[in-house]
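Below is one structure, written out as structure tokens; the observations come after it.
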Amino acid sequence: MEIRVEGVVDESRNFVAFTCPLGKAWGRWQGKSVPHVGSHTVEFDVPGVIEAWSEVEGVAAIVGDYRNESLLIRGKVESLDEDGVAGLRIGSDVLLIDVPSNAESVQVGTVVEFNAEQIDIYPYIV
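Here my numbering = 1-based position in the sequence shown + 2.
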């Protein structure tokens, strides 16, 4: 996904503020060096356990405010594996996450959202 890094918000933890087609948010930059302000092609990962998600209506989103340490992710369930991994369509990308324990009734095609403690950002060259 293409994002625009707006700035570093916590250099000691490599947290950056960014905008993308899904909204404005923040995350932990996982590149070899601190990113420059501007466009970057990246992949996202949500570390840790997602406690719960909710079935909702709406379009894919990644939104959050670093000052409040809030981060909301919304997308369409594209796949559900037997090993407890879901593929969540967020714009042009698929985010792989561990299925929360409350997700037993969710079907492929359902739009869900959840709060995350952080999102990791991995830059790559296309």
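Yeah, the Cβ is synthetic: ideal placement off N, Cα and C, and Gly gets one too.
Predicted model only: the values in this text are computed from it and were never measured.
- Item | Distance between Ser41 and Gly86 (C-alpha atoms, nearest Å) | 34 Å
- Query: Where Asp83 and Gly111 are concerned, what is the direct C-alpha to C-alpha distance, given to the nearest angstrom?
  - Reply: 14 Å
- Just the C-alpha distance for Pro125 and Asn16, rounded to the nearest angstrom, thanks. 13 Å
- Is the Cβ-Cβ distance between Met3 and Asp100 less than 8 Å? no
- Message: Buried or exposed, going by whether 16 or more other CB atoms sit within 10 Å of the CB of Ala88?
- Response: By the neighbour-count rule (16 or more Cβ atoms within 10 Å), Ala88 is buried.
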